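A.B. asks: Residue numbers (this note's numbering): 150 to 288.
This structure is in structure tokens; I'll ask about it shortly.
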């Protein structure tokens with residue numbers, strides 16, 4: 150993605166275009182429960198036409214239901230615990246831990262689990278603008 154920058158006498162660098170809305174801080178207490186999938190708790194921070202952001206918590210020993218995220222690209226950043234993902238077309242699973250990023254491509258049928266005794270918490274960002282979560286039968 151190309152960004153156009155304009156020089157300004159007031160500022161060393163300035164992006165083109167007017168500010169459309171102010172910077173917002175969404176407090177943890179203000180996150181909204183949303184997009185239920187069995188075994189997972191998702192809380193939305195905000196949603197825009199093409200961007201969804203929030204957190205997901207998977208309890209220890211839990212396995213979620215199978216689901217996908219429609220045309221959305223999904224990125225997760227693991228804050229605590231272990232996030233295990235199984236996905237259609239792949240034998241086995243992948244594990245991600247604190248500090249790891251995970252990319253789930255559009256339409257990827259998958260499920261998360263937490264094989265540990267500590268809650269798994271991850272920050273989620275989805276880009277695409279479709280419904281955030283589609284629960285489906287097991288593949």
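A virtual CB, placed ideally from N, CA and C, is assigned to each residue, including glycine.
Keep in mind that this is a model prediction, so the values were computed, not measured.
What are the boundary residues of the beta strand (DSSP E) that includes residue 311?
C.D. replies: With the chain running from 150 to 288 in the structure shown, residue 311 is simply not present.
A.B. asks: Please report how far the alpha carbon of residue 219 lies from the alpha carbon of residue 266, in whole angstroms.
C.D. replies: As a first step, residue 219 is located in the chain shown; it is residue number 70 there, counting from the start. As a first step, residue 266 is located in the chain shown; it is residue number 117 there, counting from the start. Each residue's alpha carbon lies about 31 Å from the other.
A.B. asks: Which residues in the same chain have their Cβ closer than 6 Å to the Cβ of residue 250, if we skip the five residues on either side of it in sequence?
C.D. replies: Taking the chain shown and counting its residues from 1, the one referred to as residue 250 is at position 101. Counting only Cβ-Cβ distances below 6 Å, and skipping sequence neighbours, we find 226.
A.B. asks: So, under 8 Å CB-CB, residue 280 and residue 258 are touching, yes? Tell me the CB distance rounded to an integer number of Å.
C.D. replies: Taking the first residue of the chain shown as 1, we reach residue 280 at position 131. Taking the first residue of the chain shown as 1, we reach residue 258 at position 109. About 15 Å separates the Cβ atoms of residue 280 and residue 258, ruling out a contact at the 8 Å cut-off.
A.B. asks: Please classify residue 271 as buried or exposed, where buried requires at least 16 neighbouring CB atoms within 10 angstroms.
C.D. replies: As a working note, residue 271 is residue 122 in the chain shown. Sixteen is the threshold: when 16 or more other Cβ atoms of the shown chains lie within 10 Å of the Cβ of residue 271, as they do, the residue is buried.
A.B. asks: Short of 6 Å in beta carbon distance, which residues of its chain neighbour residue 193, apart from the five on each side in sequence? Order them along the chain.
C.D. replies: The count along the chain shown starts at 1 and reaches residue 193 at position 44. Hits under 6 Å: 181, 183 and 203.
A.B. asks: What does DSSP give as the partner residues of residue 181 in its beta bridges?
C.D. replies: Taking the first residue of the chain shown as 1, we reach residue 181 at position 32. Residue 181 is bridged to 193.
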